[in-house]
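A short write-up of the structure that comes next.
There are 2 protein chains.
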Amino acid sequence: MGGVTTAAKEPKQDRSRATRQRLLAAAVACLAEHGWAGSTVSVVAERAGVSRGAAQHHFPTREDLFTAAVEYVAEERSQALRALPGQDRAAVVAALVDLYTGPLFRAALHLWVAASDEEQLRPRVTELEARVGRETHRIAVELLGADESGPGVRETVQGLLDMARGLGLANLLTDDTARRERVVAQWAALLDQALG
Amino acid sequence: MGGVTTAAKEPKQDRSRATRQRLLAAAVACLAEHGWAGSTVSVVAERAGVSRGAAQHHFPTREDLFTAAVEYVAEERSQALRALPGQDRAAVVAALVDLYTGPLFRAALHLWVAASDEEQLRPRVTELEARVGRETHRIAVELLGADESGPGVRETVQGLLDMARGLGLANLLTDDTARRERVVAQWAALLDQALG
Numbered sequence: 001m002g003g004v005t006t007a008a009k010e011p012k013q014d015r016s017r018a019t020r021q022r023l024l025a026a027a028v029a030c031l032a033e034h035g036w037a038g039s040t041v042s043v044v045a046e047r048a049g050v051s052r053g054a055a056q057h058h059f060p061t062r063e064d065l066f067t068a069a070v071e072y073v074a075e076e077r078s079q080a081l082r083a084l085p086g087q088d089r090a091a092v093v094a095a096l097v098d099l100y101t102g103p104l105f106r107a108a109l110h111l112w113v114a115a116s117d118e119e120q121l122r123p124r125v126t127e128l129e130a131r132v133g134r135e136t137h138r139i140a141v142e143l144l145g146a147d148e149s150g151p152g153v154r155e156t157v158q159g160l161l162d163m164a165r166g167l168g169l170a171n172l173l174t175d176d177t178a179r180r181e182r183v184v185a186q187w188a189a190l191l192d193q194a195l196g
Numbered sequence: 001m002g003g004v005t006t007a008a009k010e011p012k013q014d015r016s017r018a019t020r021q022r023l024l025a026a027a028v029a030c031l032a033e034h035g036w037a038g039s040t041v042s043v044v045a046e047r048a049g050v051s052r053g054a055a056q057h058h059f060p061t062r063e064d065l066f067t068a069a070v071e072y073v074a075e076e077r078s079q080a081l082r083a084l085p086g087q088d089r090a091a092v093v094a095a096l097v098d099l100y101t102g103p104l105f106r107a108a109l110h111l112w113v114a115a116s117d118e119e120q121l122r123p124r125v126t127e128l129e130a131r132v133g134r135e136t137h138r139i140a141v142e143l144l145g146a147d148e149s150g151p152g153v154r155e156t157v158q159g160l161l162d163m164a165r166g167l168g169l170a171n172l173l174t175d176d177t178a179r180r181e182r183v184v185a186q187w188a189a190l191l192d193q194a195l196g
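If you're matching them up, the sequences are chains A and B in order. Just so you know, the UniProt record's numbering puts 17 at position 17 of the first sequence, and the rest follows in order with no gaps. Just so you know, the UniProt record's numbering puts 139 at position 139 of the second sequence, and the rest follows in order with no gaps.
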């Protein structure tokens, strides 16, 4: 009996997790394409092929869905980054900057800007941004082999991530790839010198 | 008679210019506070104490008003920056970063993000961003005393401005001043070394 219950439970849990992940992926894509104003639980449920009721079972509010979505994809990206084989610093800098130029950054940007106007969203997104930011910083320090006990090292890495965020913004309306690659190559060299 | 006509004309032109400037300032404040969705010609006219008809005489469309507003304030800021007395590079870097942390940047950010979703706004804002970006780069090169004929110098300055933009984004939801000052001090030192 116990065996049967477990067997029946697991596929159900798997299905539930699969539904949740489909909703999260659809939410990020929706935010990136249509912005906060065009992103509702209903729109995302339809995009994910999930009933509105099932979507609301997983995410009772719009804020729940979209903050969870940005966090989920940010975590996936962090894991991918951490799994990178050992590389030289230029490649690490390029990979870090890449975090800020895709659909995830576009989605997060829409969420940040909406949160700056909406009191309901603001504390959730502020907390999310701080958590994701700390995690990205930790990964950057590790991949760059930076020794944060040295003077200015912490701020050097922080500035790099700020630059990456600014490069993401510069890529919002136009394809900034060619210019970005030159900037990244130059600052990767400066950074390599600074980190010793 | 000619003298009378000119005298009558000039105050009228002055009044018109003053009205225009009040509308532009109100538009930037409105965008920074309420975002694109909450920013219409009517709301700005009321805020500026100008009739809706007069506002539409100056700016026939919403796109006209808000792109003109961001450009106007960007130009005012550029002029103020250019008028700075000779300073050391750390002070110049701090002044450049300051461009990206006030209400102008918030207003511009709302406009950029809205433009990424709205086809009507996108070409105008893309063109505006390119123009303002080139001008800011020119001023930065001048104030930093950077020789762009040297290898990598152009990209070094560009990366600094990208970092400044990223710092503006980091300041959107929380007051990031303390962290920002440390990052700016460190990157100013790296820049000073790189520019020689």
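Ideal Cβ positions, reconstructed from N, Cα and C, are used throughout, including at glycine.
- DSSP, read as helix, strand or coil, puts P151 of chain A in coil.
- Under the DSSP assignment, G133 of chain A falls in the alpha helix (DSSP H) whose first and last residues are 122–144.
- Taking a Cβ-Cβ threshold of 7 angstroms, none of the residues of chain B is close to L144 of chain A; the smallest such distance is about 14 angstroms.
- Within the segment 108–130 of chain A, contact with chain B at the beta-carbon level (separation under 7 angstroms) is assigned to L109, H110, W112, V113, A115, S116, D117, R122, V125, T126, E129.
- Taking E33 of chain A as reference, the option from A:L195, A:F59, A:A108 with the minimal CA-CA separation is A:A108.
- In the three-state reduction of the DSSP assignment, Q87 of chain B falls in the coil class, being assigned neither a helical nor a strand state.
- With respect to chain A, the C-beta atom of E33 of chain B has a partner C-beta closer than 9 angstroms.
- Runs of the alpha helix (DSSP H) lying entirely within the UniProt DNA-binding region "H-T-H motif" (40–59) of chain B, each at least 4 residues long, are 41–48, 52–58 in chain order.
- Taking a beta-carbon distance threshold of 9 angstroms, V28 of chain B does not count as an interface residue toward chain A.
- Rounded to whole angstroms, A140 of chain A and R52 of chain B show a C-alpha spacing of 52 angstroms.
- In this chain, the alpha helix (DSSP H) harbouring Y72 of chain A covers 62–82.
- Between R77 of chain A and G102 of chain A, the alpha-carbon positions lie close to 11 angstroms from each other.
- As the crow flies, the alpha-carbon of G35 of chain B is around 33 angstroms from that of W187 of chain A.
- Your pair V73 of chain B and L104 of chain B checks out as a contact, with CB atoms roughly 5 angstroms apart and the cut at 8 angstroms.
- Taken through DSSP and simplified to helix, strand or coil, D98 of chain B comes out as helix.
- In the DSSP annotation of this structure, the continuous segment of the alpha helix (DSSP H) that includes E181 of chain A starts and ends at 177–195.
- A straight line joining the alpha-carbon of A170 of chain B with that of D176 of chain B spans about 7 angstroms.
- Using a Cβ-Cβ distance cut-off of 8 angstroms, the segment 182–196 of chain A and the segment 85–95 of chain A are in contact, since at least three pairs of beta carbons, one from each stretch, lie closer than that value.
- In the three-state reduction of the DSSP assignment, E33 of chain B falls in the helix class, which pools H, G and I.
- By the CB criterion at 9 angstroms, L96 of chain A and L160 of chain A fall inside the cutoff.
- Within chain A, the residues placing a beta-carbon under 7 angstroms from that of V183 of chain B are E155, Q158, G159, D162, ordered along the chain.
- Using a CB distance cut-off of 9 angstroms, G168 of chain B counts as an interface residue toward chain A.
- Under the 10 Å beta carbon count, S16 of chain A is surrounded by fewer than 16 other beta carbons and is classified as exposed.
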